[in-house]
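*Asks:* With the first letter of the sequence shown counted as 1, position 60 gets the number 59 in numbering that gives the first Met the number 0; the numbers rise by one all the way through.
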Amino acid sequence: MWKGVCQWLPRRRSVPVELSRCILVDVTATTIDTLHAGPETGQSATDKRVLLLKPRGFCAGVVRAIDIVKIALDTFGAPIYVRKEIVHNSFVVNELAEKGAIFVEDIDQVPEGQRVIYSAHGVSPAVRQHSKDRKLKVIDATCPLVTKVHVEAVKFAKQGYSLVLIGHRDHDEIEGTLGEAPDVTQVVSTAEEVQSLEVPDPERVAYLTQTTLSLDEARDIIQALKIKFPKIVGPHSQDICYATENRQIAVKNVAHSADLVLVVGSTNSSNSNRLVEVSQNLSTRSYLIDNSAAINPAWLEGVSTVAVTAGASAPEVLVEDVVKYLHQKGFTSVEEVEVMPENVRFGLPPEIVQAISSAPAASPAAV
Ligand code: SF4
């Protein structure tokens with residue numbers, strides 16, 4: 000089946016593109032299955048449509064982290080301990096828990112000598128040392144793009160810089176990055192907080208950011224830092240990752256064409272929350288939903304176009320569920336809007352590659 004679908008050129012700036020520039024591409028199986036479902040009795044099927052944003056959902060770091068847990072379970076058998084949520088999505092965590100993963104908040108909860116996986120958000124050196132003290136067998140699922148920020152923090156600290164880490168204090172990623180150089184690092188979350196920063200040498204200050212921030216918010220905070228510390232230096236390339244950026248750009252491109260933007264993701268997912276903010280900042284109503292059950296039918300009143308996207312840790316099955324729900328509410332036209340292609344993949348960490356090759360009953364094909 001063919002359906003009008005937009006495939007927009009890659010762009011680094013969020014200039015809206017008209018729907019008339021759409022070209023025809025093959026509709027996803029998700030869409031086809033949903034169209035077969037039929038609208039709810041009594042619902043009008045006229046003119047109500049869903050814009051399904053692409054890229055959406057899983058990023059390379061999340062795919063890798065989930066693969067690592069699945070491979071570890073297949074290779075070593077349950078239980079496998081995981082420090083914190085492997086990614087910030089309750090569906091993913093529950094699914095892995097059913098397969099035998101045990102999620103813990105602290106390394107102390109892992110029995111001595113057992114195997115533990117660090118989440119995609121990374122850990123501080125103190126957590127690594129604690130694991131060593133407890134003789135744990137560690138598998139590191141930290142996203143390579145988070146590791147990049149850790150390396151930058153260590154480098155700047157060694158060069159004698161005071162560090163300003165832009166991000167959310169209560170986020171697992173910030174806890175890990177802050178731990179690389181806690182004595183010289185301060186966390187700021189808003190441009191206003193920049194005003195109260197004090198450093199020993201204002202001429203030797205560096206900044207880094209969390210990987211999942213709002214591009215606009217980070218830009219404003221960096222601008223405030225540059226005004227306060229004119230000689231401030233930053234990372235070679237921005238720390239906000241490609242997946243966070245691409246999903247925000249997709250929302251920016253489409254929000255003006257929609258009455259409502261639904262973002263599939265869990266409440267503790269930073270990049271998902273930012274997608275809601277991006278839409279709201281463009282004056283398009285937006286809600287973060289774990290799944291279709293979280294949709295309030297009142298949100299759809301008077302709405303003719305709903306844009307649907309998903310945070311980097313939200314699985315496609317939940318998006319399918321939302322599209323199906325909307326179809327039953329009369330949103331029978333589904334257009335996939337591809338703002339840019341995304342083909343990033345990360346390799347597995349050496350400890351799991353080595354474990355697979357040395358395990359007698361390894362079965363990577365099962366992943
Ligand atoms: S959102 Fe970005 S930093 Fe986080 S896991 Fe995905 S690719 Fe890595």
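Idealized CB from N, CA, C, for every residue including glycine.
(1) For the 8 Å Cβ check, are there 3 or more pairs between the stretch 278 to 291 and the stretch 243 to 257?
(2) Spatial neighbours of E315 within its chain, please: C-beta separation below 6 Å, excluding the five flanking residues on both sides.
(3) Is the beta carbon of A249 less than 7 Å from the beta carbon of G178?
(4) Please go through the stretch 185 to 247 and give each complete alpha helix (DSSP H) segment of 4 or more residues, from N-terminal end onward.
(5) Using only alpha-carbon positions, find the residue among Q113, R82, A77, E244 that is nearest to E104.
(6) Using only the heavy atoms of the ligand SF4, determine whether one of them is closer than 6 Å to the beta carbon of G367.
(7) How many whole angstroms separate the CB atoms of S118 and E84, which I take to be in contact at a CB cut-off of 8 Å?
(8) Could you tell me the alpha carbon to alpha carbon distance between V305 and L325, rounded to whole angstroms?
(9) Please state whether DSSP places K53 in a helix, a strand or coil.
(10) Going by DSSP in three states, D25 sits in which element: helix, strand or coil?
(11) Near V336, what residues of its chain come up, given a Cβ to Cβ distance below 6 Å and the 5 sequence neighbours on each side ignored?
(12) Take V207 and list the residues in its own chain whose beta-carbon comes closer than 8 Å to its own, dropping the five residues that flank it on each side.
(13) Taking the alpha carbon of G264 as the reference point, which residue from E111, I221, I294 has its own alpha carbon closest?
(14) Whose C-beta lies closer than 6 Å to the C-beta of P143 among residues of the same chain, with five residues either side of it excluded?
(15) Alpha carbon to alpha carbon, what distance is there between D289 and D139?
(16) Could you check what DSSP says for L347 in three-state terms: helix, strand or coil?
(17) For the alpha helix (DSSP H) that R114 lies in, which residues bound it at each end?
(18) Which term fits R168, buried or exposed, when burial requires 16 or more other beta carbons within 10 angstroms of its beta carbon?
(19) Is it buried or exposed for I226, if we count other Cβ within 10 angstroms and need 16 for buried?
(20) Curious, which full-length beta strand (DSSP E) runs of at least 3 residues does the stretch 57 to 120 contain?
*Replies:* So, from the listed chains and residues:
(1) yes
(2) In the sequence shown, residue 315 corresponds to position 316, counting from 1. These residues qualify, in order along the chain: G56.
(3) Start at 1 with the first residue of the sequence shown, and residue 249 comes out as number 250. Start at 1 with the first residue of the sequence shown, and residue 178 comes out as number 179. In this structure, G178 does not lie closer than 7 Å to A249 by Cβ.
(4) 190 to 193, 214 to 227
(5) Along the sequence shown, one-based indexing puts residue 104 at 105. Minimum Cα distance to E104 is reached at R82.
(6) Past the edges of the chain, shown from 0 to 366, lies residue 367, and the structure says nothing about it.
(7) The residue labelled residue 118 in the question sits at position 119 within the sequence shown. The residue labelled residue 84 in the question sits at position 85 within the sequence shown. About 6 Å; that satisfies the 8 Å criterion.
(8) Residue mapping note: residue 305 aligns to position 306 of the sequence shown, counting from 1. Residue mapping note: residue 325 aligns to position 326 of the sequence shown, counting from 1. Approximately 9 Å between the Cα atoms of the pair.
(9) In the sequence shown, the residue the question calls residue 53 occupies position 54. In the structure shown, K53 sits in a strand (DSSP, three-state: E or B).
(10) Your numbering for residue 25 matches position 26 in the sequence shown. Since pLDDT at D25 reaches only 32, below the 50 mark, its modelled position is unreliable, and the value read off the structure follows with that caveat. Three-state DSSP puts D25 in a strand.
(11) To locate residue 336, count along the sequence shown from 1; it is residue 337. Closer than 6 Å at the Cβ level, and outside the excluded window around V336, lie C5, L50, L52, V253.
(12) Stepping through the sequence shown from its first residue, residue 207 is reached at position 208. The question names Val, but residue 207 is Leu in the sequence shown. Same-chain partners within the cutoff: V148, E151, A152, F155, L162, V163, L164, I165, T176, G233, P234, D238.
(13) Residue mapping note: residue 264 aligns to position 265 of the sequence shown, counting from 1. Residue I294 is the option with its Cα nearest to G264.
(14) Counted from its first residue, the sequence shown places residue 143 at position 144. F345, listed in sequence order.
(15) To locate residue 139, count along the sequence shown from 1; it is residue 140. To locate residue 289, count along the sequence shown from 1; it is residue 290. Going by the C-alpha atoms only, they are around 27 Å apart.
(16) Translated into positions along the sequence shown, residue 347 becomes position 348. It is coil, neither helix nor strand.
(17) Along the sequence shown, one-based indexing puts residue 114 at 115. Note, R114: premise wrong, no alpha helix (DSSP H); beta strand (DSSP E) at 114 to 117.
(18) Translated into positions along the sequence shown, residue 168 becomes position 169. With fewer than 16 other Cβ atoms within 10 Å, it is exposed.
(19) The count along the sequence shown starts at 1 and reaches residue 226 at position 227. It counts as exposed.
(20) 79 to 82, 100 to 103, 114 to 117
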